[in-house]
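**Student:**
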Amino acid sequence: MKETNQDTNIVLPSLGESVSTGTISKWHKKEGDIVALDEKIVEVESDKVGIDINANVPGKITKILKNEGDNVEVGEVICIIRSDVSQKEIYSSKSSDTDITLSSCENIISSNKLSPAVAKMVAEHKINPENISGSGKNNRITKGDIINVIDSNLNNNNITSTNDIQTQQLQIPTLIRDTSTQTASVLTAVKASRTIERVKMTRLRRTIAQRLKDSQNNAAILSTFNEVDMFNVSELRKKYKEEFEKKHEIKLGFMSFFVKAAITALQELPIINAQVDGNDILYHNYCDIGVAVSTSSGLVVPIIRNAEHLSFAEIEMEISQLGKKAREGNLSINELSGGTFSITNGGVFGSLLSTPIINPPQSAIMGMHKIQDRPVVINGTIQIRPMMYIVLSYDHRIIDGKEAVTFLTKVKSYIESPERLLLNI
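Set out below in structure tokens:
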């Protein structure tokens, strides 16, 4: 951010190591708009993540220098904000379309119940903050309080009567029961409604597509499978999950067991945790585990750093926090960079089998799948057990089949006998 007299230049901030450009994906403001401090003005996408740029000063946007779709260098000016605008003008512009009076808004701001970011939400959604009991410190109104009010209003406005639904459902059958001429008209209308919409890929989606294709082109990807009996780990989780949650304030899931099992197996088979660098192999003495998260913008893989030193509870907390930030689009570049091994769980979508693609420059990725009751033979008897298929996709250039199969076998052993993870045996 650079200032000249009362003008503030809003520049593209650093997007992380090795990232020098971003793409303007969406402007939330236009020239002449008044913005409050910390109010979101534009969305920018890089090759790795999308970020929001907020106003660092309150004022009026006097010039927008970059359009949606433009590529921008880090440090380049994207817009100018004139900061010699009074607080009264800022909040007056935000509340002019609402039933909130300027004096009441100023009273709440002065009493430290309403931050500028919350004031923006209040004005946009025409909410009277005087009717809200703040849940923050000293009864301060938070974004969560406003979101709850918005959700409540949406639920009230989206109620559709059963009669309306039945009327809509009867419209098409009524048309079809008429004459053949009317039927032909309906078919003509259906054909006319068959359209194709062309939507430009976001920069993040283009990057994901390119990286996946590069992975296939550069690595000799092979996959090996095994199946895991989830009975013992399910019983252990069922027995201690309430006590675990009470003590650590986080739920005990299956992912932490698989992360722990994978780390132990990686330490025994370090080639799975290695990567190719030209004619060299880089061995890592640490385990930075990427956990794939599906978001509305695409698949992202935030990294759990130094996971070999974390407890079950700490792993669960990291997974929860990173997943939440991924879905909200708030991951930093550092949280997406690096990684020595990845885990993806298609089971949450019902997948029974898959062959995941390696996340370069890593050399392997493990896939989890849906737990399903299946008949298996145990000690000569047929029993119904909760089974899961697991897969390891690996780069055959440096990882041999024996090592890949051994890795999965070890993971299977640790999950089927989870006490081994706790006893480190």
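Under my numbering, the very last position in the sequence shown is 439; numbers go up by exactly one each time.
Beta carbons: idealized from backbone N, C-alpha and C, even for Gly.
#1: Between which two residues does the alpha helix (DSSP H) carrying TYR254 extend?
#2: Who are VAL242's beta bridge partners in DSSP?
#3: Using a Cβ-Cβ cut-off of 7 Å (strictly less than) and excluding sequence neighbours within five positions of ASN438, which residues of its own chain qualify?
#4: For SER125, name the three-state secondary structure that DSSP assigns.
#5: Helix, strand or coil, according to DSSP, for SER110 in the structure here?
#6: Compare the Cα-Cα distances from VAL25 to each of THR278, ILE295, TYR254 and VAL88 and report the closest residue.
#7: Can you tell me where the alpha helix (DSSP H) holding ILE337 begins and where it ends?
#8: Assuming ASN68 is part of the beta strand (DSSP E), what are its boundary residues?
#9: Starting from ILE222 and walking both ways along the alpha helix (DSSP H), at which residues does that stretch end?
#10: Could you tell me the alpha carbon to alpha carbon distance between LEU336 and VAL204, rounded to whole angstroms?
#11: When the Cα of THR216 is compared with those of VAL419, LEU296 and LEU313, which residue comes out closest?
#12: PHE355 lies in the beta strand (DSSP E); which residues open and close that run?
#13: Quick check: the stretch 294-304 against the stretch 231-251, are there 3 or more CB pairs under 8 Å?
#14: Looking at the structure shown, is ALA50 part of a helix, part of a strand, or coil, going by DSSP?
#15: Please list the terminal residues of the continuous beta strand (DSSP E) segment that includes THR35.
#16: So who's on the other strand from SER207, going by DSSP bridges?
#17: Over what stretch of residues does the alpha helix (DSSP H) that includes ILE347 continue unbroken?
#18: What does a CB cutoff of less than 6 Å around ASP66 pick up in its chain, not counting 5 residues either side in sequence?
#19: Pull up the DSSP beta-bridge partners for GLY312, would you.
#20: Going along the chain, which residues of its own chain have a beta-carbon closer than 6 Å to the beta-carbon of ILE329, five neighbours each way excluded?
#21: Within the continuous alpha helix (DSSP H) that includes ILE371, where are the two ends?
#22: Counting Cβ pairs closer than 8 Å, one from the stretch 253-261 and one from the stretch 383-392, do we hit at least three?
#23: In angstroms with no decimal places, state the Cα-to-Cα distance between ASN287 and VAL163.
#24: With DSSP as the reference, label ASN81 as helix, strand or coil.
#25: Taking C-beta to C-beta, are ILE95 and THR209 nearer than 8 Å?
#26: Given THR156, which residues of its chain have a CB within under 8 Å of its CB, disregarding the five upstream and five downstream residues?
#27: Quick one: grab the DSSP three-state call for LEU26.
#28: Give the DSSP-derived three-state secondary structure of PRO143 in the structure shown.
#29: Does DSSP put ALA133 in a helix, in a strand, or in coil?
#30: So which of GLN230, ILE141 and ILE161 has the shortest CA-CA distance to ARG411?
#31: Helix, strand or coil, according to DSSP, for ILE413 in the structure here?
#32: Are three or more beta carbon pairs between the stretch 302-319 and the stretch 341-359 nearer than 8 Å?
#33: Less than 8 Å between the CB atoms is what I'm expecting for ILE78 and VAL86, so what's the real figure, rounded?
#34: Identify which residue in MET244, THR76 and ASP61 has its Cα closest to the Cα of VAL49.
#35: For VAL290 versus SER407, is the C-beta distance shorter than 8 Å?
#36: Any idea if HIS323 is buried or exposed, counting beta-carbon neighbours within 10 angstroms, 16 or more meaning buried?
**Tutor:** The short version:
#1: 245-262
#2: MET402
#3: none
#4: Because SER125 sits at a pLDDT of 48, beneath the cut-off of 50, its placement in the model cannot be relied upon, and the following sentence gives the value as read from the coordinates. Three-state result, SER125: coil.
#5: The pLDDT assigned to SER110 is 48, lower than 50, so where the model puts this residue is not dependable, and the model offers no usable value.
#6: VAL88
#7: Note that residue 337 is Gly in the sequence shown, not Ile. 326-342 is the span of the alpha helix (DSSP H), which, as asked, contains GLY337.
#8: 64-68
#9: 217-232
#10: 45 Å
#11: LEU313
#12: 355-359
#13: no
#14: coil
#15: 35-41
#16: Per DSSP, none; premise fails for SER207.
#17: 347-350
#18: LYS54 and GLU57
#19: THR309
#20: SER270 and VAL273
#21: Premise fails: ILE371 is in no alpha helix (DSSP H) and is neither H nor E.
#22: no
#23: 48 Å
#24: coil
#25: no
#26: VAL132, GLY148, SER149 and GLY150
#27: coil
#28: helix
#29: helix
#30: GLN230
#31: coil
#32: yes
#33: Contact flag wrong, Cβ pair sits at about 12 Å.
#34: THR76
#35: no
#36: exposed
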